[in-house]
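Quick note: the sequence shown uses our numbering, first residue 3, plus one each step.
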Amino acid sequence: MPSTRARRGGPPSTEPRSALADIVDHIGHLLPAQGPIHVFIHHNTLHAFEHLPFDDAVVEAGRLFGCEPYLTEDRYRGELRRGRIHTSDVRATLAEDLGARGDERVVGRLSRLELRYRVLLRGVPARTGPALQWTLDETDVLERLRPDLPTEARESFGVDGLNDLSPEEERRYVRALWDACRDAAQRAAPPEAQSRPAPMRDRDLVLGVSDMDLDAWVHPVLIRVSGAFLDQGLGDWTMPGRERGLHRCFVDLYHRRLARLCGPMGAALQRVVREDHDRGHDGPASLAWSLDQLGVDASEREPFLRGEALALRGFAGMVRQLELRPDRVPATAVPARLEDFLAVRLLLLRAALAHAGSRLGFDGSLPELRAWLQREATASAPPSTDERAWPLFHLAQLAGLSPQLVRGLGPDAVGALEAELTELDGTARRRLLHRAYERHLRHRFFDALTQHPPAPPLAAPAYQAAFCLDDREESMRRHLEEVDPEAETFGVAGFFGVAMYYRAATDARARPLCPVAIRPRHFVAEVADEERAGARGRLARRWARLGALVDKNVHLGSRRARSGAVLFATVGVLWVVPLVVGVVFPWVRRGLARMGPGRRRAGRLAIEHAPGVTPPLGDRAGFTVEEMADVVLSQLAPIGMRRRFAPLVLLFGHGSTSLNNPHASAYDCGACGGGHGGPNARAFAQMANDPRVRERLAQLGLAIPAGTWFVGGERNTSSNEISLYDEDLVPGGLRDVLARAKQALDDARRRDAHERARRFESAALWLPPDAALIHVEARSDDLAQPRPELGHATNAVCLIGRRERTRGLFLDRRAFLVSYDPSDDPSAALLEGLLAAVVPVIAGISLEYLFSHVDRSGYGAGTKLPHNISALVGVMDGAQSDLRTGLPWQMVEVHEPVRVALVVEAEVSALRRVLARSDALRRLVDHEWLYLAALDPGGDAIVELTSTSARPYTVEHPLSVCRGRSLRHYQGRRGHLPFVALEPAAEDLA
């Protein structure tokens with residue numbers, strides 16, 4: 003162990019603070035973009051890599067984050083065995099990937115395509131080092147041929163009667179093949195030894211020479227401090243001085259004796275923090291000083307800080323999000339800054355390194371310690387002969403190469419085969435299998451659209467209903483149309499174009515209800531109507547205040563030793579009764595809640611602009627008449643409603659309710675930023691019913707008949723409850739139509755619950771619709787239920803076009819359906835705005851579900867079971883861990899991780915114009931973060947598109963037809979179902 007005289011780090015950095023701030027900003031882009039958990043917003047987990055093609059991005063992100071790029075090879079081959087992937091999909095994917103190279107011969111009579119096809123279908127087990135040696139010594143791999151060899155391979159070995167060999171003859175043959183492969187590996191030029199890149203983090207360097215884990219010392223302190231700083235009311239006390247920022251709070255608290263309580267590095271931490279305090283550093287100055295003290299060169303600073311930030315990326319990302327969007331906090335905005343977080347982390351790291359150095363017997367400076375640790379990082383050894391022969395051995399079997407043929411291969415030929423195997427490594431095989439996996443489902447969707455004849459449009463619908471484009475609404479719309487064939491449905495973005503900060507009458511703080519990319523300018527509040535609410539409303543508010551007071555005091559008191567004992571001894575037994583009822587009989591809890599006071603609030607939305615009123619959030623209170631007209635026009639113009647308005651138009655936002663579920667908002671509306679969309683639908687209806695707005699719309703070319711009335715509502719995707727707002731304002735002449743619509747909706751929600759229930763293992767497949775509705779209602783009120791609903795699990799495809807294209811198609815709740823009528827949009831201007839609004843939402847949902855499934859603990863949040871709420875902004879595993887970002891496994895376990903296939907009913911030329919004008923959309927399409935196709939508005943042709951290529955699609959499989967309603971196709975079946983056309987049977991029409 004080298005030893006030098008201790009000295010301090012180098013002179014203070016002369017690097018401009020702005021340069022360091024730029025580095026921090028760039029690192030912030032790599033951190034999770036998930037905000038506080040009460041406004042869970044679906045987004046592309048790898049948003050920082052969208053400038054790269056998808057396949058390059060997942061590999062680069064996997065290297066950086068230590069996550070998986072795709073599913074495992076075994077998973078894909080399992081899908082091959084059960085028919086989810088066809089061999090034709092694999093062959094077609096390979097042919098597309100290889101192009102003209104696929105026909106080149108690589109060994110014997112095998113083309114490159116055929117060789118890779120065999121390897122893809124059967125694989126090469128990954129074995130190196132001790133694992134390989136154990137396999138060779140302890141298994142029969144050198145005594146038996148692979149049992150999965152294709153017939154062609156067995157026939158081409160060149161040995162008569164290979165299938166009839168005795169076990170001893172087969173053993174000798176396999177041994178001869180193994181020896182030939184070892185000899186071949188020795189004949190070929192050995193690969194150059196690759197220097198192992200030095201681990202970027204000091205923690206890894208220390209672990210390389212000892213059993214000391216610096217993160218085990220740093221993270222407990224950093225987690226406690228960060229959680230206390232970000233806390234929104236969960237803790238018993240508030241961290242003092244939070245208004246000064248995280249770094250200043252930490253230094254003020256830890257520069258005295260408190261630092262000594264921080265484990266083995268306590269004494270060193272006190273010295274480091276006291277120095278920082280005495281120098282009067284703020285966060286950026288402290289960060290720069292720590293980098294100097296560690297000897298981190300200017301060229302090393304970004305990768306060094308990136309590694310430290312990503313080591314606890316959940317908390318680092320939350321700090322960054324609250325820095326960028328303080329309007330999304332649940333209670334109190336704090337001056338969160340990523341620079342402060344990194345400054346605190348580096349203070350802790352310096353203390354940990356100093357302590358580790360002393361335990362290693364190193365008495366030099368921190369820069370000298372780091373330099374010595376980096377020198378200790380050794381170069382990796384080249385692969386052994388057995389490690390090189392192992393993949394050749396399997397390749398020879400799959401290709402049907404006999405021992406004699408292998409022995410006859412020259413060094414160049416062996417090198418060429420090794421190059422093939424290197425190019426088709428495990429990651430490449432998973433990439434190709436994943437493409438085949440996606441291709442199969444995407445093409446079945448194309449087959450359905452091209453072969454399903456468009457339904458005739460309704461000349462005079464009895465009423466119209468607009469739902470969110472959400473995939474969970476596909477079944478609701480289908481069932482409503484089956485119940486009432488005279489109903490017409492539409493799909494729109496669930497915020498209905500109303501981007502606002504919204505505060506309900508019982509809310510303490512407003513929250514944004516719009517896509518995350520939009521920062522609202524308008525504030526809208528629900529104002530309680532005392533005359534309408536009366537004594538019942540006042541009683542409800544008193545009960546609510548009393549309940550909140552009791553809940554808070556019980557929550558805090560139960561966590562203290564003395565008061566907790568008193569509470570348990572006095573009222574603890576009483577709390578057992580509602581707890582048992584809530585767990586064992588959740589429907590009883592629901593019934594009592596319905597009977598409680600104040601369930602239906604009386605009030606109106608104050609949506610009209612109030613001059614002179616300063617809103618708590620946003621630029622202005624309410625909307626002007628002109629702004630309201632713009633909102634209504636933006637939603638109604640593209641969807642084809644301008645041709646015909648029914649007397650009654652229902653608008654449904656959606657949300658979800660559940661108990662004991664920190665991720666509750668992840669089930670809510672993505673277009674509403676993880677909130678409920680009912681207020682948006684209600685606001686839109688109020689705007690569309692305003693005579694002044696209609697007058698302005700008529701001037702803009704959209705005439706809404708005087709007899710048409712809009713009603714806003716909300717659908718609960720967990721309990722299947724449907725609520726309508728402001729029913730008392732519906733004109734008397736439309737009461738019968740409203741009653742008809744409500745009856746149809748009630749019937750449809752029961753059928754929808756029945757279709758949903760087939761996915762739940764705890765629901766018997768024989769349940770009738772009424773019992774299925776009770777089942778899903780109980781799930782939403784079950785305190786012990788980790789799966790109140792399945793959210794967007796199974797989302798896979800999207801159609802942006804007329805409802806006639808999908809009416810009568812069973813799409814298995816897998817399709818985002820967005821209404822768009824190309825005949826009203828010859829210039830594609832409406833399409834451009836529509837795609838800009840909906841594609842980020844759809845892509846964000848699709849990709850977050852994909853990545854959370856592919857790596858459940860790296861990109862996802864893991865299982866819900868050990869989750870605990872931290873600071874009211876996120877969840878952690880157990881008592882202490884990083885904040886878990888992404889989706890929990892219970893939300894994605896039934897999901898098929900595929901990129902969304904987006905089909906737009908538009909001319910190819912129109913889509914090309916839109917792509918040319920939209921950098922964001924073009925990047926998603928050209929880099930294959932989603933698949934784009936054009937559906938001919940006047941026919942059934944589909945063309946797969948990028949900005950530079952167009953490939954017409956040819957039907958591969960016939961579309962099956964189911965005689966009857968949806969029930970006949972799905973009843974008694976649990977898993978994913980094929981897309982089919984539904985043709986009403988005679989009894990359905992009676």
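Here a beta-carbon is modelled for each residue, glycine too, at the ideal position from N, C-alpha and C. In this text, all values refer to a predicted model and were calculated from it rather than measured experimentally.
Residue j and residue i - do their beta-carbons sit closer together than 8 Å?
i, j, result
"P939", "R646", "no"
"S720", "R781", "yes"
"L117", "L451", "no"
"H31", "E850", "no"
"V778", "A766", "no"
"G888", "F853", "yes"
"R513", "G677", "yes"
"I87", "Y439", "yes"
"P38", "V875", "yes"
"A987", "G966", "yes"
List the endpoints of the continuous alpha helix (DSSP H) containing residue i.
i, result
"A1", "The structure shown has nothing for residue 1, since the chain only spans 3 to 992."
"M689", "G680 to N691"
"E958", "From DSSP, E958 is part of no alpha helix (DSSP H); its letter is neither H nor E."
"V274", "G268 to R281"
"G319", "R315 to L326"
"V945", "Note, V945: premise wrong, no alpha helix (DSSP H); beta strand (DSSP E) at I944 to L947."
"A311", "R303 to L312"
"C251", "L248 to Y256"
"R925", "D921 to D928"
For residue i, which residues in the same chain have their Cβ closer than 8 Å to its Cβ, ignoring the five residues on either side in sequence?
i, result
"D162", "Bear in mind that the predicted position of D162 carries a pLDDT of just 49, short of 50, making it unreliable; the figure below should be weighed with that in mind. Nothing listed; no residue qualifies."
"E52", "N46, A59, R925, L926, H929 and W931"
"D754", "S477, M478, H481 and N722"
"L979", "F812, D814, H971 and Y972"
Identify the residues that DSSP records as bridge partners of residue i: which are they?
i, result
"V651", "Q466 and F712"
"C964", "L984"
"M878", "N870"
"V227", "Note: V227 sits in no beta bridge, so no partner."
"M643", "Beta-bridge pairing links M643 to no other residue."
"P790", "Its beta-bridge partners do not exist; DSSP assigns none."
"L726", "G715"
"I802", "V820 and V906"
"A356", "Note: A356 sits in no beta bridge, so no partner."
"L112", "V109"
Taking Cβ positions only, does residue i come closer than 8 Å to chain C?
i, result
"H777", "Among the chains in the structure shown there is no chain C, since it carries only a single protein chain."
Apart from the five residues just before and just after residue i, which ones in its own chain have a Cβ nearer than 7 Å to its Cβ?
i, result
"D185", "R409"
"E533", "Any reading at E533 must be qualified, since the residue scores a pLDDT of 46, below 50, and its modelled position is unreliable; no value is offered."
"R107", "S113"
"T16", "Bear in mind that the predicted position of T16 carries a pLDDT of just 49, short of 50, making it unreliable; the figure below should be weighed with that in mind. There are no such residues."
"R146", "E172 and V176"
"G715", "L652, L653, F654, G680, A683, I724, S725, L726 and Y727"
Could you please give the first and the last residue of the uninterrupted beta strand (DSSP E) stretch that includes residue i?
i, result
"T491", "A489 to V494"
"H524", "H524 to A530"
Can you list, in chain order, the residues of its chain whose CB lies under 6 Å from that of residue i, leaving out five sequence neighbours each side?
i, result
"C800", "F818, I844, V902 and L904"
"L460", "E490"
Please determine if the stretch 61-75 and the stretch 701-712 are in contact, where contact requires at least 3 C-beta pairs separated by less than 8 Å.
no
Taking 8 Å as the threshold, find out whether the stretch 366-378 comes into contact with the stretch 277-284 through three or more Cβ pairs.
no
How about the stretch 902-909 and the stretch 868-876: do they share at least three Cβ pairs that are nearer than 8 Å?
no
Does the count of Cβ pairs from the stretch 223-231 and the stretch 23-42 closer than 8 Å reach three?
no
Using 8 Å as the Cβ pair cut-off and three pairs as the minimum, do the stretch 946-954 and the stretch 910-925 touch?
yes
Closer than 8 Å is the cut-off here; do at least three beta carbon pairs connect the stretch 437-452 with the stretch 632-648?
no
Taking 8 Å as the cut-off, does the stretch 823-839 touch the stretch 780-796 (at least 3 CB pairs, one atom from each stretch)?
no
Tell me whether the stretch 650-660 and the stretch 673-688 touch, counting them as touching only if at least three CB pairs, one residue from each stretch, are closer than 8 Å.
yes
Decide if the stretch 121-136 is in contact with the stretch 418-437; the criterion is three or more beta carbon pairs, one per stretch, under 8 Å apart.
yes
Spell out a yes or no on whether the stretch 513-529 and the stretch 608-625 are touching, meaning 3 or more CB-CB pairs, one atom from each, closer than 8 Å.
yes
Would you be able to state if there are at least three C-beta pairs under 8 Å between the stretch 147-154 and the stretch 351-361?
no
Using 8 Å as the threshold, is the stretch 344-351 in touch with the stretch 248-257, meaning 3 or more CB pairs across them?
yes
Any contact of the stretch 231-239 with the stretch 323-342, i.e. 3+ C-beta pairs under 8 Å?
yes
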